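Note that the UniProt record's numbering gives residue 175 to position 175 of the sequence shown, counting from 1, and the numbers run on in steps of one.
To keep things clear, I will list the structure first and then write my remarks on it.
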Amino acid sequence: PIPVTHKQAQKDSNWRAAMNSEFDALMKNQTWELVPPDRTRNWLFRIKTNSDGSIDRYKARLVAKGFTQRPGVDFHKTFSPVVKPTTIRTVLTLVVHNNWALHQIDVNNAFLHGKLHEDVYMSQPTGYENLDHPDYCDNSLFVMHNPRVTIYVLIYVDDLILTGSNETLIQHVISSLSKKFSLKYLGLLHYFLGIEVYRDADGLFLSQSKYIQEVLHDTQMQDYKGLQSPMSTSTKLLLDDGAPKTDGKEYRSVLGKLQYLSFTRPDITYSVNKLTQFNSPFVVHWKAVKRILRYLKETSQHGIRISPQPSTALYTYADADWAGD
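Printed below as a string of structure tokens:
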């Protein structure tokens, strides 16, 4: 089981190593200065897995309990670079068309490189206290193109994909980044943000089969019989059908996961978007969500294939009255 306290984590050498790694990075980046105490901090733990479900590494994160902070007082604007799914698919299409290599990088302890404009106070991490001092905390689609060379860097917080027309220059970019940040080179792209990437002579195949299994398990739908379609043609979905309301929080949480699954499953996009129109869901809406889950169980190995095309020209389509309705 994943620990929730420092005391529990101390019983396992893997978690002790993860905390040591996190603490060493904090010290290396001179993340804090010790001042009078404020008892707010906590350890969070997570197991990062590979595409096959095996353990990649144990991760420990030290947090300052930001939920106690007040907007406009303790913090103002916050931002993390998050590349859009459309951008990822577009760049991958260019990769297949030009037969470029795809490189993947993980930035270790990426949030430590941000600079805070506000003072944030916290107590020292359990197990790593310096009793002689009190506590204080401080630290929180790039495209390069010229007529001969194009480099793309897709950034999703601390996960990076690099590709382009010049391998030598790509390696130079990676080398330059490693001088500024602590990087982990993950090799050629095969697993990114829960998306499995398979490459062969016919292009790229993107799948989220592992994530589908996780969603089915979280919703206790893994033992249900699969279905052949994501939505019934006979069911009418209304804002108020008189039936008792279901758990709105769970409804919205599952729909959020289904929206993410539509990255590689455009076949569920219409059904999911239809169900997101109901902020106060009823039982009939929850049943429709479960139908999508049963469809995903039946088709968990499906995905999208990106194949080489003779042209990268962009085409748009509209209905007969140019979407006048």
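From the three backbone atoms N, C-alpha and C, an ideal C-beta is built for every residue, glycine too.
Quantities reported herein were computed from a predicted structural model and do not represent experimental measurements.
Report the three-state DSSP secondary structure of residue i (helix, strand or coil).
{"i": "Asp56", "result": "strand"}
{"i": "Glu33", "result": "coil"}
{"i": "Val82", "result": "strand"}
{"i": "Trp322", "result": "coil"}
{"i": "Tyr260", "result": "helix"}
{"i": "Phe23", "result": "helix"}
{"i": "Lys245", "result": "strand"}
{"i": "Gln228", "result": "coil"}
{"i": "Arg265", "result": "coil"}
{"i": "Pro3", "result": "coil"}
{"i": "Ser253", "result": "helix"}
{"i": "Arg148", "result": "coil"}
{"i": "Gln213", "result": "helix"}
{"i": "Lys28", "result": "helix"}
{"i": "Thr87", "result": "helix"}
{"i": "Thr93", "result": "helix"}
{"i": "Asp218", "result": "helix"}
{"i": "Asn98", "result": "helix"}
Output the distance between the C-alpha atoms of residue i and residue j, rounded to the nearest integer angstrom.
{"i": "Asn166", "j": "Ile55", "result": "33 Å"}
{"i": "Tyr156", "j": "Val83", "result": "5 Å"}
{"i": "Ser182", "j": "Lys290", "result": "43 Å"}
{"i": "Ser140", "j": "Ser176", "result": "Unreliable placement is indicated for Ser140, whose pLDDT of 32 sits below 50; the coordinate value is still reported in the next sentence. Their Cα atoms are separated by approximately 22 Å."}
{"i": "Ile47", "j": "Thr235", "result": "41 Å"}
{"i": "Asn98", "j": "Lys59", "result": "37 Å"}
{"i": "Gln222", "j": "Arg265", "result": "19 Å"}
{"i": "Ile306", "j": "Thr163", "result": "16 Å"}
{"i": "Pro3", "j": "Glu214", "result": "20 Å"}
{"i": "Arg57", "j": "Thr49", "result": "7 Å"}
{"i": "Ile161", "j": "Leu188", "result": "9 Å"}
{"i": "Thr246", "j": "Ser300", "result": "26 Å"}
{"i": "Gln8", "j": "Arg61", "result": "15 Å"}
{"i": "Arg199", "j": "Asp106", "result": "20 Å"}
{"i": "Gly248", "j": "Leu275", "result": "12 Å"}
{"i": "Arg16", "j": "Gln10", "result": "6 Å"}
{"i": "Asp241", "j": "Val149", "result": "58 Å"}
{"i": "Ile292", "j": "Pro310", "result": "35 Å"}
{"i": "Trp322", "j": "Gln259", "result": "27 Å"}
Go to residue i, then tell me how far its alpha helix (DSSP H) extends in each direction, as first and last residue.
{"i": "Gly303", "result": "Run containing Gly303: none in the alpha helix (DSSP H); it sits in the beta strand (DSSP E), 303-306."}
{"i": "Ile292", "result": "283-298"}
{"i": "Ala9", "result": "6-9"}
{"i": "Ser176", "result": "167-180"}
Residue i and residue j look like a contact to me (Cβ under 8 Å); what is the Cβ gap, rounded to whole Å?
{"i": "Leu186", "j": "Val197", "result": "With a Cβ gap of about 11 Å, Leu186 and Val197 do not count as contacting."}
{"i": "Val254", "j": "Ser262", "result": "13 Å between Cβ atoms; not a contact."}
{"i": "Pro244", "j": "Asp267", "result": "About 30 Å; that fails the 8 Å criterion."}
{"i": "Leu154", "j": "Val91", "result": "6 Å"}
{"i": "Gly216", "j": "Lys297", "result": "Checking the sequence shown, residue 216 turns out to be Leu, not Gly. Yes, they are in contact, since the Cβ atoms of Leu216 and Lys297 sit about 6 Å apart, within 8 Å."}
{"i": "Trp43", "j": "His6", "result": "5 Å"}
Pull the bridge partners of residue i from the DSSP assignment, please.
{"i": "Ile105", "result": "Leu160, Tyr185"}
{"i": "Tyr270", "result": "None; Tyr270 has no bridge partner."}
{"i": "Trp15", "result": "DSSP, once it has assigned bridges, lists no residue as partnering Trp15."}
{"i": "Ile47", "result": "Tyr58"}
{"i": "Tyr191", "result": "Glu196"}
Tell me where the beta strand (DSSP E) around residue i begins and ends.
{"i": "Arg199", "result": "195-200"}
{"i": "Ser207", "result": "203-207"}
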